[in-house]
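Read through the structure below, which is laid out as structure tokens, and then see the notes.
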Amino acid sequence: MKTRQIGIIGAGASGLMAAVSAAWTGEIAAQDIVLLEQQDRIGKKLLVTGNGKCNLTNQDCSLHSLQDYYRGARAGELERFFSNYLLEDTLACFRRMGVLLTARNGYIYPLSGQASTILDAFRFELERLGVCVKTDCQVRKVQRQKDGFAVETGKGILHFRRLILACGTPAGRKWGEGMDGYRIAASLGHTIRGPWPALVQLRCAGDCWKGLAGVRCIAKITLCVGGKGGETWQEKGELLLTDYGLSGIPVFQVSRFASCALAKGRPVRAFVDFLPDFEAGGEEWEAFCERRFDSYAGRRAEVFFAGLGNKKLLQTVMKQNGLKPQDEIGRKNSRQAQRALDSLRHWEAEVVGTNPFSNAQVCAGGIPLEEVNNDLESLRAQGLYLAGELLDVDGKCGGYNLQWAWTSGAIAGRQAARAYKN
Ligand SMILES: Cc1cc2nc3c(=O)[nH]c(=O)nc-3n(C[C@H](O)[C@H](O)[C@H](O)COP(=O)(O)OP(=O)(O)OC[C@H]3O[C@@H](n4cnc5c(N)ncnc54)[C@H](O)[C@@H]3O)c2cc1C
Numbered sequence: 003m004k005t006r007q008i009g010i011i012g013a014g015a016s017g018l019m020a021a022v023s024a025a026w027t028g029e030i031a032a033q034d035i036v037l038l039e040q041q042d043r044i045g046k047k048l049l050v051t052g053n054g055k056c057n058l059t060n061q062d063c064s065l066h067s068l069q070d071y072y073r074g075a076r077a078g079e080l081e082r083f084f085s086n087y088l089l090e091d092t093l094a095c096f097r098r099m100g101v102l103l104t105a106r107n108g109y110i111y112p113l114s115g116q117a118s119t120i121l122d123a124f125r126f127e128l129e130r131l132g133v134c135v136k137t138d139c140q141v142r143k144v145q146r147q148k149d150g151f152a153v154e155t156g157k158g159i160l161h162f163r164r165l166i167l168a169c170g171t172p173a174g175r176k177w178g179e180g181m182d183g184y185r186i187a188a189s190l191g192h193t194i195r196g197p198w199p200a201l202v203q204l205r206c207a208g209d210c211w212k213g214l215a216g217v218r219c220i221a222k223i224t225l226c227v228g229g230k231g232g233e234t235w236q237e238k239g240e241l242l243l244t245d246y247g248l249s250g251i252p253v254f255q256v257s258r259f260a261s262c263a264l265a266k267g268r269p270v271r272a273f274v275d276f277l278p279d280f281e282a283g284g285e286e287w288e289a290f291c292e293r294r295f296d297s298y299a300g301r302r303a304e305v306f307f308a309g310l311g312n313k314k315l316l317q318t319v320m321k322q323n324g325l326k327p328q329d330e331i332g333r334k335n336s337r338q339a340q341r342a343l344d345s346l347r348h349w350e351a352e353v354v355g356t357n358p359f360s361n362a363q364v365c366a367g368g369i370p371l372e373e374v375n376n377d378l379e380s381l382r383a384q385g386l387y388l389a390g391e392l393l394d395v396d397g398k399c400g401g402y403n404l405q406w407a408w409t410s411g412a413i414a415g416r417q418a419a420r421a422y423k424n
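Numbering (this note's numbering), first residue to last: 3 to 424.
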């Protein structure tokens, strides 16, 4: 029964980074690092990131901006990890593996425009270093032993001095899959917050959605949790209306707050401004409405509203306010017309749920940061390191989640290798 130095469970973004980083320290022989992956190939999820282009980090990633992009119960503490590995380290790492990168609006991608370039870089580097990779090797159970861990896999029991848990989460996985990391961590004494789907679509109440499906427009969404005076989050960008509710990047960005609140039974509402370039509540909007009434008095409702947005949306606001397209706009229905105009600025929807984990890009919640030290070593099980999305850290769209995978993987890999020396 041979005990190997480092076992890494999960060959996704953080596990791959952990393996390469551990080997790069030169503290242990690469052959003594074993990467265990349940699927038939390593890094499969990487291939679908960024719509197949892999948005691997963001030029905006800096210690000053962490609070703008990362969420989680202890997001304010993330500097203790990111101060050891951030944007420059990520760029240097991929440069070292021979990958040319490019930036678009601050989002960083491989120059090839192919996520497979990033996966190939890891594959070839692991091969060059001689790290041991075992695919089709699902870890079922981990037990602590006096000098390390016994890891039960479908291919037998393996023994490691140190273990890095990098199993990821159910986000983007088939129903019921992706819970192993939480289960193993819990079996070793960790608590699990949530998890909740994040970067995901919002499902809304109401019967208007079928008529709105397919509408795309630049809009501002304000998510409100807890009723009047509750917390709010705001995002602007391209919104997509679907037959069940709201989608699109700005919706994804606020979705984790909806997920967490709904799980606690708190009410969630979304307000959409379909004309976000008017100053909210300002003179300009009122003056605009007045002009509209002056210029279009006596014209049909469909003419009055024409040009103010997507036709399906305009038809819906007219209908919701009791106006038919052929109705003449005049004194008798001016209130309805004003309400319809206003609803383009303050469209309100009750959020009743989110799409499931399989539609989510990441998970909010996970293993609390209070349960790891600055090296990402577990405070519950010595010799166990945690990396990636399993921890209670989730980022906005824009490369921030992969940056966390690289940061946490690199720290866990390096420190597991260095700790062995001690
Ligand atoms: C569709 C989609 C697009 C995305 N696009 C982006 C993007 O462009 N930019 C960005 O920053 N983020 C993006 N993300 C998020 C990003 O992919 C994740 O945050 C990141 O991959 C998390 O890395 P991880 O190592 O924690 O987990 P994963 O990458 O999920 O890796 C976990 C690995 O562990 C393996 N595993 C699990 N359990 C076991 C077990 N018991 N035994 C052995 N192996 C196991 C899994 O098979 C998997 O290979 C996207 C996510 C999705 C779903």
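Even glycine gets a Cβ: it sits at the ideal position worked out from N, Cα and C.
Collapsed DSSP secondary structure at residue i in the structure displayed
i      : result
THR59  : strand
TRP26  : helix
LEU190 : coil
SER64  : coil
PHE276 : coil
ILE120 : helix
THR104 : strand
THR92  : helix
GLN33  : helix
TYR402 : helix
VAL395 : coil
SER297 : helix
THR1   : Given a span of 3 to 424 for the chain in the structure shown, any question on residue 1 remains unanswerable.
THR409 : helix
THR155 : strand
ALA389 : coil
TYR184 : helix
ALA414 : helix
THR171 : coil
ALA21  : helix
GLU79  : helix
GLU292 : helix
GLU179 : coil
SER85  : coil
LEU38  : strand
Alpha carbon of residue i to alpha carbon of residue j, nearest angstrom
i      : j      : result
ALA350 : LEU242 : The sequence shown places Glu at residue 350, not Ala. GLU350 and LEU242: Cα-Cα distance of roughly 15 Å.
LEU248 : ALA200 : 14 Å
ASP149 : GLY17  : 22 Å
LEU80  : CYS63  : 12 Å
LEU190 : ALA383 : 6 Å
VAL256 : LEU103 : 29 Å
ILE10  : ILE166 : 5 Å
ASP396 : TYR72  : 6 Å
GLY78  : LYS398 : 15 Å
ILE194 : LEU346 : 41 Å
THR234 : LEU264 : 14 Å
ASP344 : ALA260 : 25 Å
ASN357 : GLU286 : 37 Å
ARG163 : ALA215 : 54 Å
GLY170 : GLN363 : 11 Å
LEU378 : ARG82  : 10 Å
PHE280 : SER297 : 19 Å
ALA299 : ILE220 : 28 Å
GLY183 : HIS192 : 11 Å
ALA187 : GLU372 : 14 Å
For residue i: DSSP bridge partner residues
i      : result
ARG195 : GLY368
GLY247 : ARG205
CYS226 : THR234 and ARG271
ALA351 : ALA272
GLU475 : The chain is shown from 3 up to 424; residue 475 falls before or after that span and cannot be answered.
THR356 : LEU204
PHE162 : ARG6 and PHE151
CYS219 : LEU241
LYS143 : GLU154
SER380 : VAL374
TYR111 : THR104
ARG258 : None; ARG258 has no bridge partner.
GLU286 : Answer by DSSP bridge pairing: none, since GLU286 is not bridged.
ILE44  : Answer by DSSP bridge pairing: none, since ILE44 is not bridged.
TYR72  : GLY397
* **Any 3 or more C-beta pairs closer than 8 Å across the region 36 to 43 and the region 134 to 143** => yes
* Inspect the CB distances between the region 365 to 383 and the region 315 to 328 and report whether three or more fall short of 8 Å. => no
* Asked: Does the region 110 to 118 come close enough to the region 44 to 62 that 3 or more CB-CB pairs lie under 8 Å?
  -> yes
* Cβ contact check for the region 383 to 392 and the region 402 to 421: 3 or more pairs under 8 Å -> yes
* Are three or more beta carbon pairs between the region 84 to 93 and the region 404 to 411 nearer than 8 Å? -> yes
* Three or more C-beta pairs below 8 Å linking the region 268 to 280 and the region 298 to 305 -> no
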